[in-house]
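Asker:
Residue numbers (the working numbering): 226 to 833.
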């Protein structure tokens with residue numbers, strides 16, 4: 226009987242990432258988008274209400290608002306253990322004089338067949354038998370270590386990032402050597418340094434992972450979902466647990482904020498309802514202790530002071546955190562000024578929505594989610610106290626979203642969305658198929674727009690990373706419908722969110738394709754010379770949009786083509802303020818209705 230003592234421990238490595246295979250459906254989607262219009266892209270917002278049929282009066286719908294994140298959706302920073310990953314290398318050279326021991330078999334403990342991860346005891350047994358067959362004269366100490374290394378890599382290639390294999394101290398009988406395998410179980414989770422979150426709130430995300438092997442994709446998904454919790458940023462580190470091979474996941478708060486508030490001043494408004502806009506937005510994070518948020522937005526136009534908008538939005542995770550339930554409500558009241566002031570046109574629009582969102586896949590390199598929403602919308606316009614149009618809609622929205630890494634042409638990221646909207650006539654106060662006789666629009670066939678309609682919206686964004694400080698973006702958004710659409714369902718072409726060389730809501734269209742091609746760069750040199758200037762960025766872009774109006778009347782634009790080129794600079798003075806300036810020129814498209822040869826857009830903000 227021989228006595229073998231091989232106390233051998235392995236450093237825990239950082240789990241490696243898998244590059245995602247480009248999603249086949251998205252490949253088809255890219256080809257479709259690029260074939261519809263060359264160079265693709267989009268920032269689009271809906272706005273405007275019908276008034277004088279020869280002009281568009283923005284205001285009856287919701288105004289265009291930059292979606293600056295206030296919920297402080299955090300970026301995740303987590304580490305696995307303390308040691309570097311060990312790669313499979315060349316076979317160790319064993320000295321001919323090294324002591325050897327005759328081995329006839331290996332006995333493995335801790336091995337569980339897991340077909341879902343392609344882990345089988347037979348594979349591990351084959352590794353050991355191959356080593357025995359290769360060295361019939363006996364095995365040296367380095368041969369045992371080679372085998373445990375190979376078993377460790379076998380597990381980690383299948384996502385078990387903390388798995389270990391070792392030869393325990395033992396007494397050898399019948400030339401059989403025992404090898405212990407520790408899959409690396411998650412024992413518990415702790416949270417340090419948070420005043421607004423409790424560990425019980427975040428632990429729900431890991432409920433199905435505790436007391437199970439730590440598998441890379443599963444733990445990464447749970448960590449990223451936790452990092453999506455509003456108002457908190459943390460680091461994650463695995464530390465040894467109380468049991469052999471067990472680990473405790475320690476979350477350490479690096480930043481958190483109960484309330485995020487921002488103030489913005491811009492000239493993104495309509496010249497008829499107020500070109501300059503003052504906006505205040507605030508978000509309360511983890512309001513009820515369930516990782517929820519409540520946000521409020523108030524917007525007032527200036528010069529002229531003709532529009533007031535407010536919105537409320539709430540969302541919270543359900544019992545299983547890959548599903549979220551939310552609601553939103555908004556109202557916009559406006560009066561038309563400038564040369565149309567004497568017409569005494571005013572109106573308002575409201576929207577109430579309930580939504581359910583489900584995250585099917587949450588990973589660093591790809592994400593898939595879907596949502597369904599029920600929305601009640603209305604828009605009404607009056608002229609001299611006489612109603613000239615009222616639209617009431619009940620709409621069901623269904624959407625599928627995707628985002629992830631991409632290696633197409635250049636390294637980068639991409640995202641896309643498909644959305645289908647269906648109007649339900651005579652449901653929950655919606656107008657009937659004939660617009661209840663008072664809808665805001667008629668077609669050339671004299672039929673009124675009704676509460677029954679359908680439309681498809683497509684969005685695709687691709688960002689290419691050329692260098693550390695340079696990126697190029699291609700963005701596309703399209704809307705397609707065969708029906709007469711209300712102003713609250715049409716697409717607004719023109720302005721800082723579509724074609725920046727034209728005024729806001731230059732024209733409203735039922736069908737549209739909007740494209741932006743943009744190059745961006747960041748100057749570290751300017752930031753070094755001007756220490757008060759942070760995150761200085763600049764860039765150039767080309768914008769293109771085309772649209773058609775279904776059943777247009779003789780005095781309405783039935784088609785539009787907008788083209789423009791421009792550039793921007795963006796920076797953060799003293800790291801506390803935000804500023805962006807866009808200067809764009811029409812280039813080859815329709816003439817701008819305001820007759821200007823260029824558009825200058827300014828957005829100034831402060832986030833507290």
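All C-beta atoms, glycine included, are put in the ideal place defined by N, C-alpha and C.
When the Cα atoms are used, what is the spatial distance from residue 387 to residue 409?
Answerer: Distance between the alpha carbons of residue 387 and residue 409: 5 Å.
Asker: Could you tell me whether the Cβ atoms of residue 379 and residue 368 are closer together than 8 Å?
Answerer: For residue 379 and residue 368, no; Cβs fall outside 8 Å.
Asker: Could you tell me the alpha carbon to alpha carbon distance between residue 694 and residue 746, rounded to whole angstroms?
Answerer: Between the alpha carbons of residue 694 and residue 746 lies a gap of roughly 5 Å.
Asker: Does the pairing of the segment 626 to 646 with the segment 749 to 758 give three or more beta-carbon distances under 8 Å?
Answerer: Contact between the segment 626 to 646 and the segment 749 to 758 is absent, because fewer than three Cβ pairs lie under 8 Å.
Asker: So the beta strand (DSSP E) residue 632 belongs to, where does it begin and stop?
Answerer: From DSSP, residue 632 is part of no beta strand (DSSP E); its letter is neither H nor E.
Asker: Where does the unbroken alpha helix (DSSP H) through residue 750 begin, and where does it stop?
Answerer: 749 to 754
Asker: Starting from residue 554, follow the beta strand (DSSP E) in both directions and report where the run begins and ends.
Answerer: 548 to 560
Asker: Mark residue 835 as exposed unless 16 or more other C-beta atoms lie within 10 angstroms of its C-beta, in which case mark it buried.
Answerer: Nothing can be reported for residue 835, as the shown portion of the chain is limited to 226 through 833.
Asker: So residue 426 is in the alpha helix (DSSP H); what residue range does that whole segment cover?
Answerer: 424 to 428
Asker: In angstroms with no decimal places, state the Cα-to-Cα distance between residue 363 and residue 372.
Answerer: 14 Å
Asker: Checking the sheet assignment: what are the DSSP bridge partners for residue 784?
Answerer: DSSP, once it has assigned bridges, lists 773 as partnering residue 784.
Asker: Who are the Cβ neighbours of residue 342 in its own chain at under 8 Å, not counting the five residues just before and after it?
Answerer: 383, 384, 385 and 440
Asker: Could you check what DSSP says for residue 331 in three-state terms: helix, strand or coil?
Answerer: strand
Asker: Work out the CA separation of residue 737 and residue 270 for me, nearest whole Å.
Answerer: Confidence at residue 270 is low in this model, with a pLDDT of 32, below 50, so the placement of that residue should be treated as unreliable; the coordinate-derived value is given next. Looking at the two C-alpha atoms, the distance is approximately 12 Å.
Asker: Report the three-state DSSP secondary structure of residue 650 (helix, strand or coil).
Answerer: coil
Asker: Using the C-alpha atoms, what's the distance from residue 523 back to residue 772?
Answerer: 31 Å
Asker: Let me make sure I understand the geometry here. Which of 782, 830 and 345 has the alpha-carbon closest to that of residue 801?
Answerer: 830
Asker: From 813, 832, 814 and 793, pick the residue whose C-alpha is nearest to that of residue 825; which is it?
Answerer: 793
Asker: Based on the DSSP secondary-structure assignment, which residues constitute the bridge partners of residue 596?
Answerer: The partner list for residue 596 (beta bridge, DSSP) reads 582 and 624.
Asker: Classify residue 456 as helix, strand or coil using the three-state DSSP reduction.
Answerer: Coil at residue 456, not helix or strand.
Asker: Would you report the Cα separation of residue 788 and residue 725, rounded to the nearest angstrom?
Answerer: 9 Å
Asker: Between 827, 350 and 808, which lies nearest to residue 821 when the distance is taken from Cα to Cα?
Answerer: 808
Asker: Buried or exposed: which applies to residue 513, given that a residue is buried once 16 or more other Cβ atoms fall within 10 Å of its Cβ?
Answerer: Result: exposed.
Asker: So, at 6 Å on beta carbons, what are the nonlocal neighbours of residue 464 in its own chain, with the 5 sequence-adjacent residues on each side left out?
Answerer: The answer, listed in chain order, is 473 and 475.
Asker: Among residues of its own chain, excluding the 5 on either side of residue 705, which ones have a beta-carbon nearer than 7 Å to its beta-carbon?
Answerer: 680, 681 and 736
Asker: Measuring alpha carbon to alpha carbon, tell me which of 625, 616 and 579 ends up nearest residue 684.
Answerer: 625
Asker: With a threshold of 16 other CB atoms inside 10 Å of the CB of residue 743, please say whether the residue is buried or exposed.
Answerer: buried
Asker: For the segment 458 to 500, which segments carrying the beta strand (DSSP E) assignment without a break, of at least 3 residues, lie completely within its bounds, in sequence order?
Answerer: Secondary structure within the segment 458 to 500: the beta strand (DSSP E) runs of 3 or more consecutive residues, fully enclosed, are 471 to 481 and 484 to 491 (chain order).
Asker: Can you tell me whether residue 419 is helix, strand or coil according to DSSP?
Answerer: coil
Asker: Could you tell me whether the segment 522 to 542 touches the segment 492 to 506, using the rule of 3 or more Cβ pairs below 8 Å?
Answerer: yes
Asker: Which value, in whole angstroms, describes the spacing of the CA atoms of residue 328 and residue 412?
Answerer: 35 Å
Asker: Please state if the CB of residue 330 and the CB of residue 401 are separated by a distance shorter than 8 Å.
Answerer: For residue 401 and residue 330, yes; Cβs fall inside 8 Å.
Asker: How many Å lie between residue 567 and residue 613 at the Cα?
Answerer: Cα-Cα distance, rounded: 16 Å.
Asker: Quick one: residues in its chain with C-beta nearer than 7 Å to the C-beta of residue 203, no 5 flanking neighbours on either side, listed in chain order?
Answerer: Because the chain in this structure spans residues 226 to 833, residue 203 falls outside the shown range and cannot be described.
Asker: Nearest-angstrom Cα distance between residue 551 and residue 354?
Answerer: 57 Å
Asker: Short check: CB of residue 774 to CB of residue 739, under 8 Å?
Answerer: no
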